[in-house]
Amino acid sequence: MSTFVREMRGAYAFVERNINLIKRYWGWEIVWLIYSLTNALAITYIGNGMGAISGQEIDTQYVVTYLLVGALIWQYLSVIFYSISEMIAWERWEGTIEYTFMAPVSRPTHLVGTTLFAIGYGIVRTLAILAIVAAFFRLDLSGANLVGAVLMLLAGSVSFVGLGILAAVLPLLYPERGAQMTNAVAAILLLISGVYYPIETLPGWLQRIAAASPATYVIQGLRACLLEGEPTRSLLPMVFLLIGIGLLVIAIGLVIFRYVERYAKRSGRLKRSG
Amino acid sequence: MRTSALEVEGVRKLFVRKGRTGPRRGLRKPKRKKESVVALRDIDLTIERGEVFGVLGPNGSGKSTLIRLVSTLLLPDRGAIRVFGHDIERDPIAVKRMINRVSVDAAFFKKFSPIENLMYAARLYGLDPKEARAKMREIMKRLGLKEETFNSPMEHMSRGMQQKVAVARGFLTSPILLLLDEPTTGLDPHSKRDVQAFAREIRQTHDATVLLTTHDMDEADRLCDRIAIIDEGRIIALDTPERLKTLVPSQNGDRPTLEDVFIGLTGRGFEEAEAEEVAA
Chain A
86 MSTFVREMRG AYAFVERNIN LIKRYWGWEI VWLIYSLTNA LAITYIGNGM GAISGQEIDT
146 QYVVTYLLVG ALIWQYLSVI FYSISEMIAW ERWEGTIEYT FMAPVSRPTH LVGTTLFAIG
206 YGIVRTLAIL AIVAAFFRLD LSGANLVGAV LMLLAGSVSF VGLGILAAVL PLLYPERGAQ
266 MTNAVAAILL LISGVYYPIE TLPGWLQRIA AASPATYVIQ GLRACLLEGE PTRSLLPMVF
326 LLIGIGLLVI AIGLVIFRYV ERYAKRSGRL KRSG
Chain B
12 MRTSALEVEG VRKLFVRKGR TGPRRGLRKP KRKKESVVAL RDIDLTIERG EVFGVLGPNG
72 SGKSTLIRLV STLLLPDRGA IRVFGHDIER DPIAVKRMIN RVSVDAAFFK KFSPIENLMY
132 AARLYGLDPK EARAKMREIM KRLGLKEETF NSPMEHMSRG MQQKVAVARG FLTSPILLLL
192 DEPTTGLDPH SKRDVQAFAR EIRQTHDATV LLTTHDMDEA DRLCDRIAII DEGRIIALDT
252 PERLKTLVPS QNGDRPTLED VFIGLTGRGF EEAEAEEVAA
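Going down the list, the protein sequences come from chains A and B.
According to my numbering, the residues represented by the first sequence are 86 to 359, in order.
According to my numbering, the residues represented by the second sequence are 12 to 291, in order.
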């Protein structure tokens, strides 16, 4: 059997396992879907009520679309981030971490499988939320560049895979608190990346940090595609920048993960459950 | 030259853990001091291909640490471990392809069925899914698991049944070095016998080498070709069960048991040694 076939079977193990986890924990899935949906609706209704809040005439349609795009992109990116960053936390919760780490699967293969699942799952969940939200608001995407938007989203996914790998080391290092720490990382990205407001509204020092967040560029690019109909050609520099940042973050993430895995094996941290 | 199944050379492993808190100074919260606990002290052993090798010792003596080291889940602080000539640090993937482990805590996705858990294992080890599905059914039936349980969540199964699925998972990948880490602890006598019988069978039919850790003296006596008695991270005796029993004099005309050997070599019983480990 070729190494490629063996590694692909190994990668598919994680895809199938995660699908089975969704099937077996379907109750949780419904709860999280309702939570994400109501969150997206609540944020978008802020846009709907902006005129009433400020007492001024506002282009409500634009604000609603602006917020909804932010909510949906964050929904997608955070699914990717959490699916990857929780790959260790899940193993700790289930008590299977030693079995998985003992299997003859390289860590990159483990990550490829987890990433494939994360992207597929993120797309399905985000489309489900979009389908329901579309029933509440009139969305005008007639002038949107949808091809550019998909390109931007895929380029942004690469960076979030890297960020997920970096965050995944936390449950490896801190069996008890690691999973909660990944929430803090996600919350900081949400604050600084201009998901629901332009980053110019942030204090200067936060704007400088925002410039380092790949999510800032994904969201700016997607808004440009969906709200302004920005042509794909003019997006390409940002797409390449995002892919470049993403590949760099993945490479750094893999090196750090490898180092931390060795440390966990030296210190006996694989055994302890959170 | 024939390669040994397992070579352990001068292996030492210590863990650092948070110990007792230091003295309180003023309003400052006292810091917890770190303590080093030596789990294995300069262990040397060689296991030949096809052997069933037992490591016998009380809880906390270092048995599971040894198994985790061979499983590549821990790295030694000193020394080297080779599985069929492959170093666990330099060539872990090659080592992982040759081994599998059944541990005392049957680690599964508890909401998954046995088939789902075993299929996950089969894919991780690169097995053909169709062949793996047929093989896992055959092994589970052989271990006495009923077919109607194959697709029900494992959380509904008894501890003994879960352990049998763990044994099936261990055998599914046809390891040439099988690590059995107290596989029968906590099982009822019937399940215990089934697991022990299967361990014997796998050795005969698959030419597998077995490293078995246990604190069950009878189990070690019945299954193992050679036994290392381990206490406080040190191997204090290593030989065939019969030769080990010659190390201590018989009492009241009865042949010494392995427990007598342990008491004779350490000056304390198994339960006493375990109580000391817990207190430490």
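Glycine is no exception: its CB is placed at the ideal position from the N, C-alpha and C atoms.
Exercise for review: Within its chain, find whatever has a CB closer than 7 Å to the CB of I214 of chain A; leave out the 5 residues flanking it on each side and keep chain order.
Suggested key: S121, L122, A125, L157 and Q160
Exercise for review: Taking only beta-carbon positions, decide if G278 of chain B is within less than 7 Å of chain A.
Suggested key: no
Review point. Under 7 Å between C-beta atoms, does A179 of chain B make it to chain A?
Key: Chain A contact via Cβ: absent.
Point to revise | Length of the line joining the Cα atoms of D205 of chain B and G61 of chain B | key: 21 Å
Review point. Cβ atoms of K107 of chain B and P189 of chain A: under 7 Å apart, would you say?
Key: yes
Review point. Hey, E346 of chain A and L257 of chain A are a contact pair by Cβ (cut 8 Å); roughly how many whole angstroms apart?
Key: 7 Å
Point to revise | Residue-level contact to chain B via CB, S358 of chain A, 7 Å cutoff | key: At S358 of chain A, the pLDDT of 45 sits below 50, so the modelled position is not reliable; the number obtained from the coordinates is stated separately. So no, S358 of chain A is outside the interface.
Check your understanding: Closer than 7 Å, CB to CB, is N103 of chain A near chain B or not?
Key -> no
Practice item. Could you run through the segment 95-115 of chain B and flag, in chain order, every residue whose CB is less than 7 Å away from some CB of chain A? Key: If the cut-off is 7 Å between Cβ atoms, the segment 95-115 of chain B has I104, K107, R108 and R112 near chain A.
Practice item. Grab me the residues of V176 of chain B's own chain with a C-beta within less than 6 Å of its C-beta, minus the 5 sequence neighbours each way, in chain order. Key: Contacts found: P125.
Review point. How should L251 of chain A be labelled, buried or exposed, when 16 other C-beta atoms within 10 angstroms of its C-beta is the threshold for buried?
Key: Buried.
Check your understanding: In terms of alpha-carbon separation, which member of A:Q146, A:V197 and A:V164 lies closest to S227 of chain A?
Key -> A:Q146
Exercise for review: Evaluate L212 of chain A with the Cβ neighbour count: other Cβ atoms within 10 Å of its Cβ, from every protein chain shown; 16 or more gives buried, anything less gives exposed.
Suggested key: exposed
Point to revise | CA nearest to the CA of R210 of chain A, picked from A:I143, A:V197, A:W117 and A:I173 | key: A:W117
Check your understanding: What residues from chain A crowd round F123 of chain B, counting only those whose CB sits closer than 7 Å?
Key -> Within chain A, the residues whose beta carbon sits less than 7 Å from that of F123 of chain B are N105 and R109, listed in sequence order.
Check your understanding: So is R94 of chain A buried or exposed if we call it buried at 16+ other beta carbons inside 10 Å?
Key -> Classification for R94 of chain A: buried.
Practice item. For F26 of chain B, go through chain A and note every residue whose CB falls closer than 9 Å to its CB, in chain order. Key: S352 and G353
**Study point:** Close Cβ partners of F323 of chain A (< 6 Å) along its chain, the five nearest in sequence each way excluded
**Key:** A small fix is needed here, since residue 323 of chain A is Met in this sequence, not Phe. Closer than 6 Å at the Cβ level, and outside the excluded window around M323 of chain A, lie Y302 and G306.
Point to revise | Residue range of the unbroken beta strand (DSSP E) whose run includes R13 of chain B | key: Unbroken run through R13 of chain B: none, as it is neither H nor E.
Review point. At what residues does the beta strand (DSSP E) containing F99 of chain A begin and finish?
Key: Under the DSSP assignment, F99 of chain A falls outside any beta strand (DSSP E), being part of the alpha helix (DSSP H) whose first and last residues are T88 to R109.
Point to revise | Whole-Å CB distance - T220 of chain B paired with I187 of chain B, under 8 Å assumed | key: 7 Å
Practice item. Report the partner residues of A91 of chain B according to the DSSP bridge assignment. Key: B:E20
Review point. With a CB to CB cut of under 8 Å and the five nearest residues on each side skipped, what residues in its chain are close to V272 of chain B?
Key: I240, A248, L255, K256, L258 and V259
Check your understanding: Between I131 of chain A and S163 of chain A, what straight-line distance do the alpha-carbon atoms span, to the nearest angstrom?
Key -> 21 Å
Review point. Apart from the five residues just before and just after I107 of chain A, which ones in its own chain have a Cβ nearer than 8 Å to its Cβ?
Key: E114 and Y206.
Check your understanding: Which residue's Cα is closest to the Cα of A220 of chain A: A:A336, A:T129, A:N103 and A:T185?
Key -> The option with the nearest alpha carbon to A220 of chain A is A:T129.
Exercise for review: Inspect the CB distances between the segment 334-343 of chain A and the segment 242-250 of chain A and report whether three or more fall short of 8 Å.
Suggested key: Below 8 Å, enough C-beta pairs join the segment 334-343 of chain A and the segment 242-250 of chain A to call them touching: three or more.
Check your understanding: Would E313 of chain A count as contacting chain B if we go by Cβ distances under 7 Å?
Key -> no
Practice item. Below 8 Å on the Cβ atoms is my guess for F161 of chain B versus R144 of chain B; work out the distance and round it to an integer in Å. Key: Not really, about 10 Å apart at Cβ, beyond 8 Å.
Exercise for review: Taking F120 of chain B as the query, report the chain A residues whose CB atoms sit under 8 Å from its CB, ordered along the chain.
Suggested key: R102, N105, L106, R109, E179 and T181
**Study point:** Extent of the continuous beta strand (DSSP E) run through A300 of chain A
**Key:** Not the beta strand (DSSP E): A300 of chain A falls in the alpha helix (DSSP H), residues P299 to E313.
Check your understanding: CA-CA distance, P140 of chain B and A133 of chain B?
Key -> Whole-angstrom Cα-Cα distance: 7 Å.
Exercise for review: Note down, in chain order, all residues in the segment 205-232 of chain B with a beta-carbon under 8 Å from any beta-carbon belonging to chain A.
Suggested key: If the cut-off is 8 Å between Cβ atoms, the segment 205-232 of chain B has nothing near chain A.
**Study point:** Selection of the segment 189-206 of chain A by Cβ proximity to chain B, strictly under 7 Å
**Key:** Going along the segment 189-206 of chain A in chain order, one finds P189, V190 and S191 with a Cβ nearer than 7 Å to chain B.
Practice item. Look up H97 of chain B in the DSSP assignment and say whether it is helix, strand or coil. Key: strand
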